[in-house]
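Okay, structure first, notes after.
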Amino acid sequence: MALPLPSPSPAASGSTTYCRKQKSLGLLCSNFLSLYNRDGVETVGLDEAAARLGVERRRIYDIVNVLESVGVLVRKAKNTYYWKGMGAIPKALEQLKISDDDEDERFSNHSASFQDKVDLDSMHKASGSFKSENRKEKSLGLLTKNFLKLFLCTTSDMLSLEDAAKILLGDARNPSLTRTKVRRLYDIANVLSSMNFIEKIHHPETRKPAFRWLGMKGQTDSEMGTAHALVHKESKKRTFGTELTNICFKRNKLVSPIDVDIIEDIKPLHPQRECAPIKCNTDRCSSDQVPERFGPPAPVCIPKSCDEESNEVKKSRDWESLASTYRPQYHNQALRDLFVHYMDAWKSWYSEVAEMDPIQVI
DNA sequence: TATTCCCGCCAAGGG
DNA sequence: CCCTTGGCGGGAATA
1 MALPLPSPSP
11 AASGSTTYCR
21 KQKSLGLLCS
31 NFLSLYNRDG
41 VETVGLDEAA
51 ARLGVERRRI
61 YDIVNVLESV
71 GVLVRKAKNT
81 YYWKGMGAIP
91 KALEQLKISD
101 DDEDERFSNH
111 SASFQDKVDL
121 DSMHKASGSF
131 KSENRKEKSL
141 GLLTKNFLKL
151 FLCTTSDMLS
161 LEDAAKILLG
171 DARNPSLTRT
181 KVRRLYDIAN
191 VLSSMNFIEK
201 IHHPETRKPA
211 FRWLGMKGQT
221 DSEMGTAHAL
231 VHKESKKRTF
241 GTELTNICFK
251 RNKLVSPIDV
261 DIIEDIKPLH
271 PQRECAPIKC
281 NTDRCSSDQV
291 PERFGPPAPV
301 CIPKSCDEES
311 NEVKKSRDWE
321 SLASTYRPQY
331 HNQALRDLFV
341 HYMDAWKSWY
351 SEVAEMDPIQ
361 VI
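Here the first sequence is numbered in UniProt numbering, starting from 1 and rising by one per residue.
Right, dumping it as structure tokens:
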């Protein structure tokens with residue numbers, strides 16, 4: 001099936017400019033959301049999603065897993081998910097703040113207060129033996145939840161993935177483990193970013209890249225929400241009549257014709273153009289007509305050009321009035337403890353593992 | 001060079 | 001045993 005050719009010479013003819021950004025999980029997530037976030041959708045087929053979005057199934061699993069962690073999707077059956085929508089997010093987050101690792105089929109006998117649990121689970125002695133149950137605990141979904149908890153149960157809203165990895169990992173000493181964890185966190189961070197949960201920034205002092213929690217602020221006011229809703233209504237209409245896809249380039253070349261087949265009528269246009277804009281098919285999605293090219297203002301935004309990472313127009317979008325139902329409750333005893341727990345762990349690991357300047361946890 | 005993170009191999013899981 | 005899931009880390013693209 002897949003050509004085993006390693007294709008060692010990237011430069012070669014090089015005309016088929018491959019653009020990483022167009023293949024990002026973040027963009028895929030945006031497209032996914034645009035595709036399903038509309039009335040009438042109540043179930044999502046993974047195969048269908050993969051085909052319509054023009055990506056391999058493997059990638060769908062990635063975003064589906066984090067979307068599930070946030071409540072947008074709920075597993076229905078093999079290959080099928082229930083679409084819960086953006087409206088399910090507030091409740092899901094609220095639950096994250098409270099519950100210990102919920103839903104995991106095996107309940108903990110050790111009735112330790114969840115502060116012990118939360119990430120002692122994932123923390124669980126990587127140094128020791130590898131159990132098979134181990135797999136679940138390393139899932140993207142769980143990692144997503146724990147990553148979110150870091151923000152939800154903490155006052156610190158800035159965090160580097162490296163730190164997050166060390167905190168969520170039991171063993172901060174193992175650089176290899178950490179590296180892998182960080183890779184996963186990048187995946188997660190990308191989709192969370194595309195949903196505006198977080199935002200990438202550079203730490204004021206350290207200069208180090210990090211992520212800042214955006215949560216659902218700025219939309220707290222019901223009036224505000226309404227206003228936004230109105231504004232978005234328009235762009236949405238335009239967007240939703242659209243079929244989206246990630247353009248199919250392999251790392252160094254175009255996708256094989258077979259793949260293109262699967263993607264029904266989605267073909268890469270302007271192969272040699274660097275970062276060709278996403279294509280929109282207008283055939284099946286009824287009502288409004290849309291331009292064949294895609295504009296920036298829509299929920300799904302693609303940087304006009306790769307090298308020119310313009311200040312994205314990514315504004316607070318979609319989950320408009322989610323906030324109206326959301327209300328923070330910081331005054332929770334247990335959460336307090338959790339917070340302390342995290343910070344202690346973080347600090348101690350930091351002093352051990354890093355000899356750089358003593359990070360100050362705000 | 002350092003950071004980011006896509007790709008797809010291949011093993012675990014479910015039927 | 002076959003097909004769905006999805007951990008994992010090499011290494012290429014970007015900053």
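Every residue, glycine too, gets a C-beta built ideally from N, C-alpha and C.
Are the Cβ atoms of residue i and residue j separated by less than 8 Å?
i: V41; j: T80; result: no
i: F211; j: L159; result: yes
i: A51; j: V70; result: no
Going by alpha carbons, who is nearest to residue i out of the options?
i: W213; options: L33, T155, T180; result: T155
i: N65; options: G141, E94, A51; result: G141
i: A88; options: Q95, K76, V72; result: V72
i: C153; options: V55, Q95, A49; result: Q95
i: T204; options: R20, D157, Y36, A49; result: The amino acid at residue 204 is misidentified as Thr; the sequence shows Pro. With distances taken between Cα atoms, P204 lies closest to D157.
i: L185; options: I201, L148, V74; result: L148
i: Y82; options: Y36, K91, Y18; result: Y36
i: S24; options: R38, L143, E48, L53; result: L53
i: A77; options: D47, V182, K97; result: D47
i: G85; options: S34, L169, R173, R57; result: S34
i: T178; options: D163, I98, G215; result: D163
i: S139; options: G215, R38, T180, D39; result: T180
i: R183; options: R38, H202, D62, E56; result: D62
i: residue 376; options: A49, V74, L150, P209; result: What is shown of the chain runs 1 to 362, which leaves residue 376 out entirely.
i: G170; options: K208, H202, E137; result: E137
i: V55; options: Q22, R135, T206; result: Q22
i: G215; options: R173, P90, R207; result: P90
Which word fits residue i, buried or exposed, when buried means at least 16 other C-beta atoms lie within 10 angstroms of its C-beta?
i: S68; result: Correcting the residue type first, residue 68 is Glu in the shown sequence and not Ser. It counts as buried.
i: R20; result: exposed
i: S176; result: exposed
i: N146; result: buried
i: L143; result: buried
i: E308; result: Residue confidence for E308 is low, a pLDDT of 38 falling below 50, so the modelled location carries little weight; the figure read from the coordinates is stated next. Exposed, because fewer than 16 other Cβ atoms sit within 10 Å of the Cβ of E308.
i: K166; result: buried
i: R59; result: buried
i: I201; result: exposed
i: residue 436; result: What is shown of the chain runs 1 to 362, which leaves residue 436 out entirely.
i: D187; result: buried
Quick check on residue i: does DSSP put it in helix, strand or coil?
i: R75; result: strand
i: residue 366; result: The question about residue 366 has no answer here: the residues shown for the chain are numbered 1 through 362.
i: C19; result: coil
i: K200; result: strand
i: L161; result: helix
i: V41; result: coil
i: T155; result: coil
i: R173; result: coil
i: T178; result: helix
i: R207; result: coil
i: K97; result: helix
i: L148; result: helix
Tell me whether residue i, by its Cβ, gets closer than 7 Å to a heavy atom of the ligand FAD.
i: R207; result: By its list of ligands, the structure shown contains no ligand whatsoever, and the ligand FAD lies outside what it can speak to.
Exercise. Would you call the region 192 to 208 and the region 21 to 36 touching, i.e. three or more CB-CB distances under 8 Å?
Worked result: yes
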